[in-house]
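Asks: So the protein sequences, as listed, match chains B and Z.
Position one of the first sequence corresponds to residue 5 (our numbering), numbered consecutively onward.
Position one of the second sequence corresponds to residue 464 (our numbering), numbered consecutively onward.
C-beta atoms are modelled at their ideal positions from N, C-alpha and C, and glycine is treated no differently.
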Amino acid sequence: MITASVVAAEGTGYPSGFPLLPHPGEMIIGIIAFAILYWLYKSKVVPRLEELYAERAAAIEGGMQQAEQAQEEAKAALEQYTAQLAEARAEANAIRESAREQGASIVAEMRAQAQAEASRITEAAKRQVEAERQQAVVQLRQEVGSLSTTLASKIVGESLEDEVRQKGIVDRFLAELESGDVRPEKVAPAGQDA
Amino acid sequence: MSPTVVSASWLPAAVATAEGGEGGFNTPGVANFWWPVIPFDGTGPWAVTRPALVLLLSVGLLAWFYVGATRKLTVVPSKNQFLVEGSYNFVRNTIGRDIIGSKDFLQFVPLLLTLFTLILVNNVFGIFPFIQFPTMSRVGIPIVLTLIVYITYHAVAIRRKHGVLPYFKSLIPPGLPGWLKPILFVLEFLTYFVIRPLTLALRLFGNMLAGHLMLLVFIVGGEYLLLEGDNLFLKFSGVLSFGFSIAMTFFELLIEFLQAFIFTLLAALYISDAVSEHH
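#1: For chain B, is any of its Cβ atoms less than 8 Å away from the one on Z:G603?
#2: Which whole-angstrom value is the C-beta distance of Z:I582 and Z:A737, which I expect to be below 8 Å?
#3: Excluding sequence positions up to five away, which residues of its chain have a Cβ less than 7 Å from the Cβ of Z:G484?
#4: Would B:M68 count as contacting chain Z if we go by Cβ distances under 8 Å?
#5: Identify whether B:V111 lies in helix, strand or coil by the three-state DSSP scheme.
#6: Under 8 Å between beta-carbons, which chain B residues line up against Z:Y613? List them in chain order, please.
#7: For B:Y85, would you say it is in contact with chain Z, using Cβ-to-Cβ distances shorter than 8 Å as the test?
#8: Among the residues of its own chain, which have a CB less than 7 Å from the CB of Z:L576, if the five just before and after it don't count?
#9: Just list the residues that DSSP pairs Z:P605 with in beta bridges.
#10: What does a CB cutoff of less than 7 Å around Z:T609 pick up in its chain, not counting 5 residues either side in sequence?
#11: Which word fits B:L56, buried or exposed, when buried means at least 16 other C-beta atoms lie within 10 angstroms of its C-beta?
#12: Counting contacts by CB-CB distance shorter than 8 Å, is B:A37 in contact with chain Z?
#13: Using only alpha-carbon positions, find the residue among B:D166, B:R100, B:H27 that is nearest to Z:P508.
#14: The stretch 567-598 of chain Z: which residues have C-beta closer than 8 Å to a C-beta of chain B, in chain order?
#15: Apart from the five residues on each side of it in sequence, which residues of its chain come closer than 8 Å, Cβ to Cβ, to Z:V572?
#16: Can you check whether the C-beta of B:K48 is within less than 8 Å of a C-beta belonging to chain Z?
#17: Are the CB atoms of Z:I604 and Z:P514 nearer to each other than 8 Å?
#18: I'd like the span of the beta strand (DSSP E) that includes Z:I501, first residue to last.
#19: Using a Cβ-Cβ cutoff of less than 6 Å, which residues in the same chain neighbour Z:E740 once the five nearest sequence positions on both sides are dropped?
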């Protein structure tokens, strides 16, 4: 066993005294191992993964573009909606304004109409009063005439009616009275004058 | 080397205890990482070793997973595709695009992805049950990966700067006094041609070797203490050592991811230096 260990000690290490000396067999296999792995990675693994990355980037970019488009559409819709709202508001304002104007004009018209009506009524009433007065005057004149003639006939004792009517004495007298030609005089006491 | 020794060294713990039974504890060392499976000759420079097989296994797994999962890709990812895309995005965007710049990064993505996945899987194999061998703890393999990065960034730089001489000239920042130029050129030259590849390879190698060696010490040591310890205290220490090795395993997982990330990140950084128009 001692001899075996001595043989092992002499044989271990390549060469036994220099652990830092690279072993040529291991170096060759190291180069081969590296070359195989590098070739596999370069020809298969990395291109496949890079292709996938490009694909994924494209997919994400596409998604982003889609999202952007959707956003733009939403923005356009919002703009349209806002515009419509503003338009509607303006329209409502215009309608309100015109309604106010219309109302004001209606009120003015009504007022004018009422005023016209009132003045018309007043006029009619005035005219009626005038007419009535005229009628009353005419009637009164007639009555005064007949009364005075009746009175005079009573006093005189005979009918003056026809004569008076023919001559228009009463009318003339009344007209004179109206125009102020005849002044009412102070009547003297009956005994004195007679 | 006889086949019996090879088969005996399949499990380092077994070797350690077998030897320990004879002459005390055999401290795990760098020798534990020498592991020929098919030795072609006596000294074994061309032997097919265990890390080489693990490396090939990782390539097989990665190829099966990535090529298989990308066969049917959909815009909305499935579970497997999610995992593929997650790792790919990490390398492509976080490492590639953010460092090299969105103009040039795509042509380097296969390289970065290969580096990252290969290193990560091989590092995780360090604690993966039954495999349990960090391939990168064999210095030859980080050197190969570093050489590939080294050749790539110099080639890219020479092409971008239109020739070797303009590339060397671009190493000196503009606007320096004349006497400073040679000193700075030497410094920059050393950085670009010696220090960068050296640190890139040794950082990964050293981390993986040291991490695994530490686990080995705790596990093998714990086992030795538990089995060979002649009092209760030593046996208890062995249990403690095992417990600590479990904690260290989780810590290793972090380191493994971090190293894969750092290696790829630095490769991207060197390439970004090369593709930039000035310095």
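Replies: If we stick to the structure as given:
#1: yes
#2: Wrong, their Cβ atoms sit about 21 Å apart, outside the cutoff.
#3: Note that Z:G484 scores 44 on pLDDT, short of 50, meaning its location in the model is unreliable; the coordinates nonetheless yield the value given after this. Excluding residues within five positions, none has a Cβ falling inside 7 Å.
#4: no
#5: helix
#6: What Z:Y613 touches in chain B: nothing, since even the nearest Cβ is about 13 Å away.
#7: no
#8: Y551, V554
#9: The partner list for Z:P605 (beta bridge, DSSP) is empty, contrary to what the question assumes.
#10: The residues are P660, L663, A664.
#11: buried
#12: yes
#13: B:H27
#14: L569, V572, P573, L574, L576, T577, T580, L581
#15: V554, R555, G559
#16: yes
#17: For Z:I604 and Z:P514, yes; Cβs fall inside 8 Å.
#18: Segment 499-501, the beta strand (DSSP E) holding Z:I501.
#19: none
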